[in-house]
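The structure under discussion appears below in the form of structure tokens.
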Amino acid sequence: MICLVGKLPVLEIGRLQVAGYGTDWIDLALQRAAESCNRADFPFIDDIRDGVLHYLEHKCPWRLLPIEDLFERMKRMLRRIGCDAIADQLQPLAPPLTLSIARAAREAGNGFELLFFQTLQDEIEDLRDRGAEEFHFTNIRESAQVLRGASRWNRACELLHREILAFLQNFAQQPIPEPRRIQLTIDL
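Each residue of the sequence shown is one higher than the one before, counting from 3 in the numbering used here.
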């Protein structure tokens, strides 16, 4: 199920704002919480998701909703129906995120690759701490050109492009607590 922009609030996840999101991540968060309580057979996941969507579409007074606030409301909903154990295990999970790394490159500026990599790492870690697991990175070539101060693609840009790709792939392979997993896609 895909949520349409305009009917639902924009989700705020760290510095990012996400609109037009699907709902699979809500189901997954609820399934994980149920499994943590040895309730893998929990039959109300679809009903709870539908209740969350009804709230978001019809009752939510905000146009911008922090992901943490959404999950606090989901926990309250679970407690109201007597699912305290599942509510206690519910962890924030963000919808899939698209990040343009060109912003980090522009902030760092020409020749400041170390600042770029540190800024990118800090942002990714912040998003991961807020429940992000699925990342789609864009504008990698543009980032290499910005950091090299090149108006045209050249050998130095190509080398930095490879370094950025290696950095992102390394990020995806870092260990994280179960049952979480990092999924990474990259626009080359």
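From the three backbone atoms N, C-alpha and C, an ideal C-beta is built for every residue, glycine too.
Leaving out five residues on either side along the sequence, give the residues of the same chain with a beta carbon under 6 Å from the beta carbon of Ala186. Looking up residue 186 in the sequence shown gives position 184. Reading the sequence as shown, one finds Leu at residue 186 and not Ala. The residues are Phe137, Ala174.
What are the boundary residues of the beta strand (DSSP E) that Ile15 is part of? Reading the sequence shown from its first residue, position 13 is the one you call residue 15. 12 to 15 is the span of the beta strand (DSSP E), which, as asked, contains Ile15.
Tell whether a beta-carbon distance below 8 Å holds between Ala110 and Leu149. Translated into the one-based positions of the sequence shown, residue 110 becomes position 108. Translated into the one-based positions of the sequence shown, residue 149 becomes position 147. The Cβ atoms of Ala110 and Leu149 lie closer than 8 Å to each other.
When you compare only the Cα positions, how much space is there between Pro94 and Ser102? Your numbering for residue 94 matches position 92 in the sequence shown. Your numbering for residue 102 matches position 100 in the sequence shown. Straight-line Cα distance between these residues: approximately 23 Å.
For Pro68, the residue or residues it bridges with in DSSP: Within the sequence shown, numbered from 1, the residue matching residue 68 stands at position 66. Pro68 is bridged to Glu14.
Sequence-distant residues of its chain with Cβ nearer than 8 Å to Ala21 (five each side left out): The residue labelled residue 21 in the question sits at position 19 within the sequence shown. The answer, listed in chain order, is Val7, Leu10, Val12, Leu13.
Rounding to the nearest angstrom, what Cα-Cα distance links Pro98 and Glu70 in this structure? The residue given as residue 98 occupies position 96 in the sequence shown. The residue given as residue 70 occupies position 68 in the sequence shown. In a straight line, the C-alpha of Pro98 is about 16 Å away from that of Glu70.
Which ranges does the alpha helix (DSSP H) cover as unbroken runs of at least 4 residues, wholly within the stretch 10 to 60, from first to last along the chain? 26 to 38, 47 to 56
Boundaries of the alpha helix (DSSP H) in which Leu161 is found, first to last residue: Within the sequence shown, residue 161 is the residue found at index 159, counting from 1. Bounds of the alpha helix (DSSP H) holding Leu161 are 157 to 175.
Tyr23 versus Arg41 - alpha carbon distance: The residue given as residue 23 occupies position 21 in the sequence shown. The residue given as residue 41 occupies position 39 in the sequence shown. In a straight line, the C-alpha of Tyr23 is about 27 Å away from that of Arg41.
Considering Cα atoms alone, identify which of Pro177, Gln176, His163 is closest to Ile188. Counting from 1 along the sequence shown, the entry for residue 188 is found at position 186. If we check each option's Cα against that of Ile188, His163 comes out closest.
If you count every other CB in all the chains shown that lies within 10 Å of the CB of Gln91, and 16 or more means buried, which is it? Position 89 of the sequence shown, counting from 1, holds the residue named residue 91. Classification of Gln91: buried, given that the 10 Å Cβ count is 16 or more.
At a cut-off of 7 Å, is Ala152 close to the ligand ATP when judged by its beta-carbon and the heavy atoms of the ligand? Annotation note on the ligand ATP: not contained in the displayed structure, which lists no ligands.
Would you list the one or two residues that DSSP bridges to Thr140? Here residue 140 corresponds to residue number 138 of the sequence shown, with the count starting at 1. Thr140 pairs with Ser102.
Could you have a look at Ile83 and say whether DSSP puts it in helix, strand or coil? Reading the sequence shown from its first residue, position 81 is the one you call residue 83. DSSP places Ile83 in coil when its eight states are reduced to three.
C-beta atoms of Leu32 and Ile47 nearer than 8 Å: For this step, residue 32 is matched to residue 30 along the sequence shown. For this step, residue 47 is matched to residue 45 along the sequence shown. Yes, the pair counts as a contact, with Cβ atoms nearer than the cut-off.
Pick out whichever of Leu116, Ala106, Glu127 has its Cα sitting closest to the Cα of Asn141. As a working note, residue 141 is residue 139 in the sequence shown. Taking only the C-alpha atoms, the option nearest Asn141 is Ala106.
Going by C-alpha distance, which of Glu74, Ile50, Leu170 is nearest Asp26? One-based indexing of the sequence shown puts residue 26 at position 24. When only C-alpha atoms are compared, the closest one is Ile50.
Grab the span of the beta strand (DSSP E) containing Ile184 for me, first residue to last. Taking the first residue of the sequence shown as 1, we reach residue 184 at position 182. From DSSP, Ile184 is part of no beta strand (DSSP E); its letter is neither H nor E.
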